[in-house]
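The structure under discussion appears below in the form of structure tokens.
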């Protein structure tokens, strides 16, 4: 299992939190570069990108791995919708979609999509 984060502090926290799970590797890098360095096809990918979303480059790289199931989390509805559209262009379908109003009385929502190919 591989977890990737561009933030050094987040990766450091992940290493500490996951220290008792030797099968988990924590990488501090961009998702694009981490995917390029990996061989084989992942079984599942879980993305929780920043508000700007994963974007075309990351989704193109992820789709190129031929991963069959993706769980995509988004905290900004517009970038989340854009990213889901990019997955659809790569042949993924939305298997499940949930929206959580985690911050009542604001416009902020958390969106989670399960996409399969």
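In the numbering used here, the protein residues as written are 16 to 132.
Beta carbons are placed, not taken as given, at the ideal position from N, Cα and C, and that holds for glycine.
Since the model is a prediction, treat every value here as computed from it, not as a measurement.
Candidates 97, 85, 93, 99: which alpha carbon is nearest residue 56's?
Here the closest residue by C-alpha is 85.
For residue 115, name the three-state secondary structure that DSSP assigns.
Looking at residue 115 - three-state DSSP - the assignment turns out to be strand.
What are the boundary residues of the alpha helix (DSSP H) that includes residue 50?
Per DSSP, residue 50 belongs to the alpha helix (DSSP H) from 46-52.
Taking all protein chains shown into account, do 16 or more other C-beta atoms lie within 10 angstroms of the C-beta of residue 109, making it buried, or fewer, making it exposed?
Exposed.
Report yes if the C-beta distance between residue 68 and residue 95 is below 9 Å; otherwise report no.
Yes, the Cβ-Cβ distance between residue 68 and residue 95 is below 9 Å.
Does the beta-carbon distance from residue 33 to residue 18 come in below 9 Å?
Cβ atoms of residue 33 and residue 18: closer than 9 Å.
Report the three-state DSSP secondary structure of residue 84 (helix, strand or coil).
DSSP places residue 84 in strand when its eight states are reduced to three.
Please go through the same chain and pick out, in chain order, the residues whose beta-carbon is closer than 7 Å to the beta-carbon of residue 39, but skip the five residues on each side of it.
Once the five neighbours on either side are set aside, the close Cβ partners of residue 39 are 16, 18, 33.
When DSSP labels each residue in this structure, what does residue 39 get in the three-state scheme?
Reduced to three states, the DSSP call for residue 39 is coil.
Run through DSSP, which three-state label would residue 17 get?
Residue state, collapsed to three classes: strand.
Using the Cα positions of residue 111 and residue 130, report the straight-line distance between them to the nearest angstrom.
Distance between the alpha carbons of residue 111 and residue 130 is about 7 Å.
Report the CB separation of residue 126 from residue 89 in whole angstroms; it is logged as a contact under 8 Å.
Rounded, the Cβ-Cβ distance is 5 Å, consistent with contact.
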